[in-house]
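Engineer: Okay, handing you the structure first.
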Amino acid sequence: MKVIVVGGGISGLTMAMSLHQVGVDVRVYEAARDVTPLGVGINVQPNAVRELAELGLGEGLAKIGIATVALAFFNKFGQPVWREPRGRAAGFAWPQYSIHRGRLQVMLAEAIRERIGDALRTRHVFQKFAERRDKVVATFADRNGVTIAEDEADILIGADGIHSAVRRQFYPEEGAPNFAGQILWRAAVETTPFLGGATMIIAGHFHRRIVAYPIAPGTKPGNLLTNWIAQMSVDTKAPPREDWNRKVDKERFLDAFRDWGFDWLDFPKLVEETAEIFEFPLVDRHPVERWSFGRVTLIGDAAHPMQPTGSQAGSQAIVDARLLTSALLVERDPVAALAAYDAQRRPVMNDITLRNRNFGPEAAMQLAEERAPNGFKRVEDVIPRTELEHISRSFQQAAGLDPAGLNARPSLVPAGARYVGV
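Using the numbering used here, the first residue of the sequence shown is number 13, and each one after it goes up by one.
Pasting the structure below:
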């Protein structure tokens, strides 16, 4: 069997690695000139780390990321609201990695070139697909719109992100992504560690918050490359298009966070030390009723573009790829396999997309703001611990982050498994 993957991001590259592992011929078509380390930080959750480790990438992850041991929520005054262990500290057999998105993407691309040769083809802009009998044919163009290639396969997988051209063939009237009325300013800067050097923090409330976590060792001894985000509600209905290269000046937002200097992290100082800051709108898409249509399906942000609440998008994209591979191993007929993947995966991802709109696990911070806008002495006086535990537990279960369940379940793609087809 032969598969075309449209999109050379984290989901598409993982998809190619996974298919190659089970003996499927695969090609990845990417619009960019090359896969370069663009972007800032993401968190790869243990469920996704397990999948990458089973692809032989565990050591590579450990070299380029930081094993996160805790997630901590604070109010706007820097007072602790909730803290929970993460990764191995939470009982998982695999760590959680905070990592530079671009470095992860480059690692995947290099692994593909080493294992599959020229399977990754850059500078190919997807134009359209058409099904012809028992095949699907994809057409690609250069950056000027001139057709340069046509390829035929048994399956086509759209992994081309929130502006997916593959998805647009299914839903031509969908329009622009759904804007949530907030802007994120993001960057990474080398600085001294905070809270032990392996903690992800989120502070504030729904309309104004910050996020910070280390994503790599620094160039100077003792320093860490630290990812930070400032997020705020804005009064605009025309958000900027998502663009990894949209640089802005810190004065666009810093005044709103001038007094967010805590004894454990001086956020304004962190921003002042940063050379390049990037701006992104907070967007997602409404859940849809189908991802799979015949011999074509969607994964990652092309299938379920979600708000970054809960650090789920990248991790779930990796799991998508493995579940789709698993479906192909179980269902010999490719069309039946894509339908089975859709039926299993889409309801779960639609649920997480909607949970993220409701602040996901960060809802505890909003409760603290609503019940104690001027701060508190003990968070338990404001939010009972049982309520905090319920918020955390319900989201983790929905996201597949139960340590006992993940540790005990069989591999999605068993070692040595091969696709045999019809």
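Beta carbons: idealized from backbone N, C-alpha and C, even for Gly.
Would you identify the three-state DSSP class for residue 353, choosing helix, strand or coil?
Structural biologist: Helix.
Engineer: My output table needs one value for residue 209: the three-state DSSP class, helix, strand or coil.
Structural biologist: Note: residue 209 maps to helix in three-state DSSP.
Engineer: Beta-carbon within less than 6 Å of residue 177's beta-carbon, same chain only, minus the 5 sequence neighbours each way: which residues are those?
Structural biologist: The answer, listed in chain order, is 138.
Engineer: Let's test the definition: count the other Cβ atoms within 10 Å of the Cβ of residue 356 and tell me whether it reaches 16, buried, or not, exposed.
Structural biologist: Burial call: exposed.
Engineer: Can you find the residues in the same chain that come closer than 7 Å, C-beta to C-beta, to residue 235, ignoring five residues on each side of it along the sequence?
Structural biologist: Closer than 7 Å at the Cβ level, and outside the excluded window around residue 235, lie 202, 203, 204.
Engineer: Between which residues of its own chain and residue 371 is the CB-CB distance below 7 Å, once the five residues before and five after are set aside?
Structural biologist: Closer than 7 Å at the Cβ level, and outside the excluded window around residue 371, lie 218, 321, 378.
Engineer: For a quick check, are the C-beta atoms of residue 110 and residue 77 less than 8 Å apart?
Structural biologist: Going by C-beta atoms, residue 110 is nearer than 8 Å to residue 77.
Engineer: In three-state DSSP terms, what is residue 395?
Structural biologist: Residue state, collapsed to three classes: coil.
Engineer: Looking at residue 60: is its Cβ nearer than 8 Å to the Cβ of residue 227?
Structural biologist: It is not a contact, given that the beta carbons lie outside the stated cut-off.
Engineer: Within a Cβ cutoff of 7 Å, which residues of the same chain sit near residue 429, ignoring the five residues on either side of it in sequence?
Structural biologist: Excluding positions up to five away in sequence, the list reads 34, 341.
Engineer: Less than 8 Å between the CB atoms is what I'm expecting for residue 296 and residue 190, so what's the real figure, rounded?
Structural biologist: 6 Å between Cβ atoms; contact.
Engineer: From the DSSP output, read off the bridge partner residues of residue 276.
Structural biologist: Per DSSP, none; premise fails for residue 276.
Engineer: Note down the Cα distance separating residue 124 from residue 22, rounded to an integer number of angstroms.
Structural biologist: Looking at the two C-alpha atoms, the distance is approximately 12 Å.
Engineer: How close, in whole Å, do the beta carbons of residue 150 and residue 163 come, if the pair is a contact with beta carbons under 8 Å?
Structural biologist: Right, their Cβ atoms sit about 5 Å apart.
Engineer: Give the list of continuous alpha helix (DSSP H) stretches no shorter than 4 residues that lie fully inside the segment 105-158.
Structural biologist: Entirely contained in the segment 105-158, the alpha helix (DSSP H) runs reaching 4 residues are, in chain order, 113-128.
Engineer: For the segment 306-313 and the segment 142-157, state whether three or more C-beta atom pairs, one from each stretch, are separated by less than 8 Å.
Structural biologist: In short, these stretches touch, since the Cβ pair count reaches three.
Engineer: For residue 324, does the count of other Cβ atoms within 10 angstroms reach 16, so buried, or fall short, so exposed?
Structural biologist: Under this definition residue 324 is a buried residue.
Engineer: On the DSSP bridge assignment, give the partners of residue 217 in chain order.
Structural biologist: Per DSSP, 220.
Engineer: If distances are taken between C-alpha atoms only, which option among 260, 265, 314 comes closest to residue 289?
Structural biologist: Per the Cα distances, 260.
Engineer: Considering only their Cβ atoms, is the gap separating residue 13 from residue 333 smaller than 8 Å?
Structural biologist: Against a cut-off of 8 Å, the Cβ pair of residue 13 and residue 333 comes out as no contact.
Engineer: Does residue 390 pass the burial test, meaning 16 or more other C-beta atoms within 10 Å, or should it be called exposed?
Structural biologist: Counting Cβ neighbours within 10 Å, residue 390 comes out exposed, since fewer than 16 surround it.
Engineer: Can you tell me whether DSSP reads residue 310 as helix, strand or coil?
Structural biologist: Looking at residue 310 - three-state DSSP - the assignment turns out to be strand.
Engineer: Would you mind sorting residue 409 into buried or exposed? The rule is 16 or more other CB atoms within 10 Å of its CB.
Structural biologist: Exposed: under 16 other Cβ atoms inside 10 Å.
Engineer: Can you round the beta-carbon distance between residue 339 and residue 87 to whole angstroms, since I take them to be within the 8 Å contact cut?
Structural biologist: Between residue 87 and residue 339 the Cβ distance is about 44 Å, and since that is not below 8 Å, they are no contact.
Engineer: Figure out for me which residue from 132, 104, 31, 383 has the closest Cα to the Cα of residue 117.
Structural biologist: Residue 117 has its Cα closest to that of 132, out of 132, 104, 31, 383.
Engineer: Please look up how many angstroms separate the CB atoms of residue 16 and residue 168, rounded, as I've assumed it's under 8 Å.
Structural biologist: With 8 Å as the limit, residue 16 and residue 168 qualify as a contact, their Cβ atoms being about 5 Å apart.
Engineer: Quick one, which of 366, 81, 264 has its alpha-carbon nearest residue 7's?
Structural biologist: Residue 7 cannot be examined here, being either before or after the span of the chain that is shown, 13 to 434.
Engineer: Which runs of the alpha helix (DSSP H) spanning at least 4 residues fall entirely within the segment 336-389, listed in chain order?
Structural biologist: Taking only runs of at least 4 residues, the alpha helix (DSSP H) segments lying wholly in the segment 336-389 are 346-369, 375-383.
Engineer: Just curious, the beta strand (DSSP E) that residue 92 is in, first and last residue?
Structural biologist: 92-97 is the span of the beta strand (DSSP E), which, as asked, contains residue 92.
Engineer: For a test of the three-state rule: what should DSSP assign to residue 405, helix, strand or coil?
Structural biologist: Looking at residue 405 - three-state DSSP - the assignment turns out to be helix.
Engineer: In the DSSP assignment, the alpha helix (DSSP H) including residue 178 goes from what residue to what residue?
Structural biologist: Per DSSP, residue 178 belongs to the alpha helix (DSSP H) from 177-182.
Engineer: Considering only their Cβ atoms, is the gap separating residue 58 from residue 115 smaller than 8 Å?
Structural biologist: For residue 115 and residue 58, no; Cβs fall outside 8 Å.
Engineer: By how many angstroms is the C-alpha of residue 179 removed from the C-alpha of residue 300?
Structural biologist: Residue 300 and residue 179: Cα-Cα distance of roughly 10 Å.
Engineer: Using only alpha-carbon positions, find the residue among 273, 283, 275, 278 that is nearest to residue 264.
Structural biologist: Closest option to residue 264, Cα to Cα, is 283.
Engineer: Just mark residue 233 as buried or exposed, buried being the case when its beta carbon has 16 or more other beta carbons within 10 Å.
Structural biologist: Burial call: exposed.
Engineer: If you run the structure through DSSP and keep just helix, strand and coil, what is residue 76?
Structural biologist: Residue state, collapsed to three classes: helix.
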